[in-house]
Amino acid sequence: MRRPSHFRTALVVVLAFLAGGAVGRLSPLVLRPPLVLGQDAAPPGVDAAARSWLEREPQPFIDIRPRNGMADILLILYPGGLVRPQAYEWLGKALAARGVQTVIPVFPLDLAVLGANRAEGLIARFGPGKRVVIAGHSLGGVMAAQYAARHPAQLSGLILLAAYPAENVDLRAAGWTVCPRTPPSRSCPVPSMPFSGGMARKGTTVSRP
Numbered sequence: 143m144r145r146p147s148h149f150r151t152a153l154v155v156v157l158a159f160l161a162g163g164a165v166g167r168l169s170p171l172v173l174r175p176p177l178v179l180g181q182d183a184a185p186p187g188v189d190a191a192a193r194s195w196l197e198r199e200p201q202p203f204i205d206i207r208p209r210n211g212m213a214d215i216l217l218i219l220y221p222g223g224l225v226r227p228q229a230y231e232w233l234g235k236a237l238a239a240r241g242v243q244t245v246i247p248v249f250p251l252d253l254a255v256l257g258a259n260r261a262e263g264l265i266a267r268f269g270p271g272k273r274v275v276i277a278g279h280s281l282g283g284v285m286a287a288q289y290a291a292r293h294p295a296q297l298s299g300l301i302l303l304a305a306y307p308a309e310n311v312d313l314r315a316a317g318w319t320v321c322p323r324t325p326p327s328r329s330c331p332v333p334s335m336p337f338s339g340g341m342a343r344k345g346t347t348v349s350r351p
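Heads up: the sequence shown begins at 143 in this note's numbering, then just goes up one per residue.
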């Protein structure tokens, strides 16, 4: 028995509605906003002390350095989930004035979980001669903690910004010491990271003895 044509029409309308809703929900995830540097205001005076640019090979990242080229700390910063990496450019510029080179990887779909080991190549490229600290915000912090637990010998410190390790990640077993504050001490000799923003005040610093 053939179904009435109005039933098929209604079915097509419902399927089209569902497909449209799915596209509407997924498009912000798949179609990410453009990556444009210099969008956010930096603390007064730091622009003159820093320079930043976007590199695309072999995988894209933002590189922020002291303008005089003298950096003794390398900070690799994993952005939060669905947060465009340029949102942290102001922080890298502020740190550049204190001798910190900040490298911010650009992850597929802005999800650090899709490239948790990006730090490895960046450390090999920029880390020699510097103390290396990895940091992450939110989901990026989860992935940064995972990397720190698996590669403790490569790092001097770990900073979690509004983040915490996954349940299956044991930082203490990897030899890390939890520090309640960023200034170094005998138990937490990691170099002090001079953050000046609200995110940093909520951060947890973890160092290696």
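A virtual CB, placed ideally from N, CA and C, is assigned to each residue, including glycine.
A quick note: this is a predicted structure, and the numbers were derived from the prediction, not measured.
Within 8 Å, strictly: CB atoms of residue i and residue j
i    : j    : result
A254 : Y230 : no
P294 : G263 : no
A308 : G283 : no
I276 : L297 : yes
V248 : P227 : yes
V225 : D189 : no
G223 : L300 : no
A192 : P208 : yes
G257 : I246 : no
A291 : V274 : no
Terminal residues of the beta strand (DSSP E) in which residue i lies
i    : result
W195 : 192 to 197
D205 : 203 to 208
L300 : 299 to 303
Residues sharing a beta bridge with residue i, DSSP
i    : result
L177 : None, per the DSSP bridge assignment.
Chain D within 8 Å of residue i, Cβ atoms only
i    : result
S194 : Any reference to chain D falls outside this structure, which holds one protein chain only.
**Asked** What beta strand (DSSP E) runs, 3 residues minimum, are completely inside the region 216 to 284?
**Response** Here the runs fully enclosed are 242 to 247, 273 to 279.
**Request:** Specify whether the region 237 to 251 and the region 210 to 227 touch according to this definition: at least 3 beta carbon pairs, one from each stretch, less than 8 Å apart.
**Result:** yes
**Three or more C-beta pairs below 8 Å linking the region 198 to 210 and the region 271 to 288** = no
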